[in-house]
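Taken in order, the sequence shown gives residues 1 to 923; the numbers are from full-length UniProt numbering.
Just so it is clear, CB atoms sit at the ideal spot from N, CA and C, and this is done for glycine as well.
As structure tokens, the structure follows; a few thoughts come after it.
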Amino acid sequence: MAEHESLEFGKADFVLLDNVSMEEFMANLKLRVKNMLLKSNCVLEAFGNAKTNRNDNSSRFGKYMDINFDFKGDPIGGHISNYLLEKVKMHFICFFFLFFLYLLTQLLRGAPDSLLRSLHIQKDPAAYNYIKVGGHIKSCINDGADFKAVADAMKVIGFTGDEIQTVYKILAAILHLGNLTFGVDGDVTLIENTKLVSVLRELLSTKEENVEKALLYRTVATGRDVIEKQHTEQEASYGRDALAKAMYERLFCWIVGRINDIIEVKNYDARVHGKNTVIGVLDIYGFEIFQNNSFEQFCINYCNEKLQQLFIQLVLKQEQEEYQREGIPWKHIDYFNNQIIVDLVEQQHKGIFSVLDEACMNVGKVTDEVFLQGLNGKLAKHAHYTSRKLSPTDKNLEFDRDFRIRHYAGDVVYSVVGFIDKNKDTLFQDFKRLLYNSSNTVLKAMWPEGKLSITEVTKRPLTAATLFKNSMISLVENLACKEPYYVRCIKPNDVKSPLLFEIERCRHQVEYLGLLENVRVRRAGFAYRQTYPRFLQRYKMISEFTWPNHDLPSDREAVKKLMQGCGFDHDAAYGKTKVFIRTPRTLFSLEEQRAEMVQRIVLFLQKVWRGTIARMRYRRMRAALVILQAYRRYKVKSYIREVNRRFKNVRSMKDYGRHVKWPTPPKVLRNFLFVCLDVFPSRWWAWTLIKGLSPEETLQVRAKVACLEALKGQRADLGLQRAWEGNYLVSRGKRDSPDTAASFTLVSSELQRKDKFMRVLFSSNVRKINRFHKAEDRAVLITDRHLYKMDPLKQYKPMKSIPLYNVTGLSVSPGKDQLVVFHTKDSRDLVVCLQGMVPANESRIGELVGTLLASVGRGQNAKMLIHLLLLVCWIKMSCGRHRGGDLLLWRKLLLLHYPHLNSALLSELASEQSSPFTGGVQL
């Protein structure tokens, strides 16, 4: 049994959330609930089952468990109800061991020695009167493993260490109570083994004198007076046994209540947690017929009569009545209706329980024989009751002792001996107050009525028969509101053998369980029935005539059409409100077809839903985009209005609005404006400034712009701040050569007539060095077609004419000198240095470069390259070997810039060992 139950889940209730995901935590929590439900069965079997001559694990109590499931089908809790714990069997030692042997032998044989020493008990069951007879029963149960399994199960469920220790103490106290013996010294009743009183005091956590007083005396209240009455030896023994059985009953009920407190579903709200499904499991004792049948067998058999009545109503009677009500052709099947037996037991004023309670309430000496006489008087004409007085010839019945009831399972003879005592609550109030005043809080909680004083206890407690009848009525009402499923257990033999099959015993069980009638009804009837709307709701997707909704006259016709389409019309019957299916095979086939269609429907629904979600997402995105676009347009319009407001009057401002700060653009325009604000405002300001210039001024501005683009950052002075006159040899101010201006004008006019140029771009005096290293003064005239080199000493006679399309580039120096090199296609470069400026040292390099670039830029077949020659003073810095052409060019440059250098120094500078020439840079 319990030794096979795993404790894999439950050793630790929770783990650190840092080390486990939420999914794993919830899975462990569900397994913990499931494990507690399983472990509760292990604990209840240990305390409520017994070893008997017929069964190693005989259930001596009825158990009904409601198991709650959430909407996913996971167990979330439950509740347990128990019925008729057989405490009454403690009345006789021969029955007492049958009940307590199971758990107490586990304690004796399975508990560790340290625990046994603390409880003052030993391992030998023969040392204790209550179990020494049953200790010789042989079984295959491992008590040591079972004890450990029960202890572990209690820990898993949630019992604390103090609670478990209290359970052991109560069990040990019961064993010691059974060994108490009483003697008589004259008229005084004494306890013979007083050492056990001290042990009971320790186990029950109370005072020794209170224990002894409760065992030997009884407190009786007569009006306002309270007297103590000493027990006789027989009364003391009776009170001892009553205390033992009451302690065990309270312990069992407390365990059931404690388990319910732990596993019960708390604060469950279906609106929040979903649907809560309940499955009830009833595990109860079967019909009992012994050699000597007493009060407990009578209660058990009454319980079986009630359950059989429910079985008849739900399975046999209602089944056949339903066929007749629905108009299904049906041949009635006879069955035994045991309602008459149930009424015999529980009927008001005439039933056996009523007669028994009436006998217990009588004043004076009430015996079991008086109770039997009452039964004979009220039930003499009942067909299912008889006694020896009513049937004098029946020698199987004893006079004034036995009566027989004809149950549905057979005739049972009961002995009335002990009925009165077992029905009464014979536990003296002194014992209740004794245990309530215990310092053990767990034990104290089991006896709440002990807080009442003897004068306050006035109401007569309910009898055992009344309590049991009420609990059975409540159980049947609970079962009647549920759909029942039965598991019938057939016991093959009475000797606990797995190989022996006693036919007569099995036939008897089959008969009294009503299985034959049930099988006949089921065979003749239908395995499944359901109302038309619910049947259509489940299976309408199978047929094209019913999916998604039918247009037939009624649901009944729709169900017929569905069954005919599936080919099952021969296996079905159609009632007024329900469809009946005869064989389970048809139902299984319908379920298979439904499962196949459900998959297709789910795929279709998923497709539709995903499409719906996609369209919803598209509409949201489109709406968001429309809003975003409208917002962007609003921000752009707002920005444009703000720009228009700020720059509204810039045309009238002195600086045309350059001091006006641009507003912060919105994000949608930020990247665009970062580029445009660098271009368009500057161009507008430039266009505003130059639109009023004359054509000559416009050409001059373009030349300056070209110069700035080519030489910006390369030369310190580009001459941008002054007006560029271009033709300085014939300028209006005649600054450079006023004496020879007329000659130059004459020569330039002749060249214009001859070469057909349109305009003079630049003219200036220069200094040139020829190929023989001689520096001479020359003049340079640059037109829109040619570059002329002239001799100012010979009336500006043209010495060389170079077409501009042969000029490939221009090199200038970054220093204050005005060195210029004109590069040509035939590599016959012209090297000059501007001079004779008025005022002196006026920088005209920028004007020369800008004018040439502006003029060449308007042409379609020319591109001017501007180079920068770095002139560095010679400081014996080796710059590597250079070609002879470079050295020759460098020598010419030195003579132009430094005419005072002699030939020897020039030769040294022009040698291959060193040179101050560093190269050129293309702009």
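Rounded to the nearest angstrom, what separates K491 and A214 at their Cα positions?
If I take the Cα positions, the gap works out to 45 Å.
Could you check whether V342 and E305 sit closer than 7 Å to each other, using their CB atoms as the reference points?
Yes, these two residues count as a Cβ contact at 7 Å.
Does the distance from the CB of M154 to the CB of V43 come in under 7 Å?
In contact: M154 and V43 (Cβ atoms closer than 7 Å).
May I have the straight-line CA-CA distance separating C833 from C676, to the nearest angstrom?
So the alpha carbons of these two residues sit roughly 42 Å apart.
By DSSP's criteria, Q530 is part of a beta bridge. Which residues make up the other side?
By DSSP's assignment, Q530 forms a beta bridge with V579.
Please classify A706 as buried or exposed, where buried requires at least 16 other C-beta atoms within 10 Å of its C-beta.
Answer is buried; the Cβ neighbour count reaches 16.
Of all the options D421, V156, G726, which has the alpha carbon lying nearest to the alpha carbon of I263?
Looking from the CA of I263, the closest CA among D421, V156, G726 belongs to V156.
For the region 211–295, which segments carrying the alpha helix (DSSP H) assignment without a break, of at least 4 residues, lie completely within its bounds, in sequence order?
Within the region 211–295, the complete alpha helix (DSSP H) segments of 4 residues or longer fall at 233–263, 270–273, listed in chain order.
Count the other CB atoms, across all protein chains shown, that sit within 10 Å of the CB of T688; report buried if there are 16 or more and exposed otherwise.
Per the 10 Å Cβ criterion, exposed.
Check whether the region 206–221 touches the region 164–174, taking contact to mean three or more Cβ pairs, one atom from each stretch, closer than 8 Å.
No: fewer than three Cβ pairs fall under 8 Å.
Is the Cβ-Cβ distance between D66 and G78 less than 7 Å?
Taking the C-beta atoms as reference points, G78 is found nearer than 7 Å to D66.
Under the three-state DSSP convention, the category residue 958 falls into:
With the chain covering 1 to 923 only, the question about residue 958 has no answer from this structure.
Just how far apart, CA to CA, sit T740 and E709?
Computed Cα separation, rounded: 35 Å.
Among L587, G809, T367, L171, nearest to Y539 - alpha-carbon criterion
Closest option to Y539, Cα to Cα, is L587.
What three-state label does DSSP hand R406 in the structure shown?
Here R406 sits in strand by DSSP.
Whose C-alpha, out of I255, M621, A236, T181, is nearest the C-alpha of K195?
For K195, the closest alpha carbon among the candidates I255, M621, A236, T181 is that of T181.
Tell me the DSSP secondary structure of V417 in three-state form.
Coil at V417, not helix or strand.
Using alpha carbons as the reference points, say which of E483, V668, L720 lies closest to L310.
The option with the nearest alpha carbon to L310 is E483.
Rounded to whole angstroms, what is the Cα-Cα separation between R651 and V679?
Put simply, the backbone Cα of R651 is about 18 Å away from that of V679.
Is the beta carbon of F580 sitting closer than 7 Å to the one on R529?
The answer is yes: Cβ separation under 7 Å.
Out of curiosity, what's the CA-to-CA distance linking K789 and L804?
Here the alpha carbon of K789 sits roughly 13 Å from the alpha carbon of L804.
For V417, is the classification buried or exposed, using 16 other Cβ atoms within 10 angstroms of its Cβ as the cut-off for buried?
By the neighbour-count rule (16 or more Cβ atoms within 10 Å), V417 is buried.
When DSSP builds the beta bridges, which residues end up paired with I782?
Per DSSP, F762, L787.
Taking the Cβ atom as the reference point for each residue, do R778 and Q835 lie within a distance shorter than 7 Å?
The answer is no: Cβ separation not under 7 Å.
Let me confirm a value: H349 is counted as buried when at least 16 other C-beta atoms fall within 10 Å, else exposed. Which label applies?
Exposed: under 16 other Cβ atoms inside 10 Å.
DSSP bridge partner residues for T367 (one or two, in chain order)
Beta-bridge pairing links T367 to no other residue.
Please report the straight-line C-alpha distance between L819 and G809, rounded to a whole angstrom.
Distance between the alpha carbons of L819 and G809: 14 Å.
Sufficient close CB pairs (3 or more, under 8 Å) joining the region 244–257 to the region 437–453
In this structure the region 244–257 touches the region 437–453; the number of beta carbon pairs closer than 8 Å is three or more.
Whose C-alpha, out of Y83, K816, N806, is nearest the C-alpha of T824?
When each option's Cα is compared against that of T824, the closest is N806.
Hey, is the region 315–329 in contact with the region 281–293, meaning 3+ C-beta pairs nearer than 8 Å?
No, the region 315–329 is not in contact with the region 281–293.
Determine the burial state of N649: buried for a count of at least 16 other Cβ atoms within 10 Å of its Cβ, exposed for fewer.
That one is exposed.
Inter-residue spacing [alpha-carbon to alpha-carbon] between L108 and E235:
About 29 Å.
Please go through the same chain and pick out, in chain order, the residues whose beta-carbon is closer than 7 Å to the beta-carbon of R646, but skip the five residues on each side of it.
Cβ contact annotation for R646 (same chain, cutoff 7 Å, sequence separation greater than five): V660, P663, in chain order.
Local Cβ density within 10 Å of K432, reported as buried at 16 or more and exposed below that
That one is buried.
Taking the alpha carbon of N765 as the point to measure from, which residue in C481, D784, D736, V636 has its own alpha carbon closest?
When C-alpha distances from N765 are compared across C481, D784, D736, V636, the shortest belongs to D736.
Identify the continuous beta strand (DSSP E) that holds I80 and give its terminal residues.
DSSP places I80 inside the beta strand (DSSP E), whose first and last residues are 75–83.
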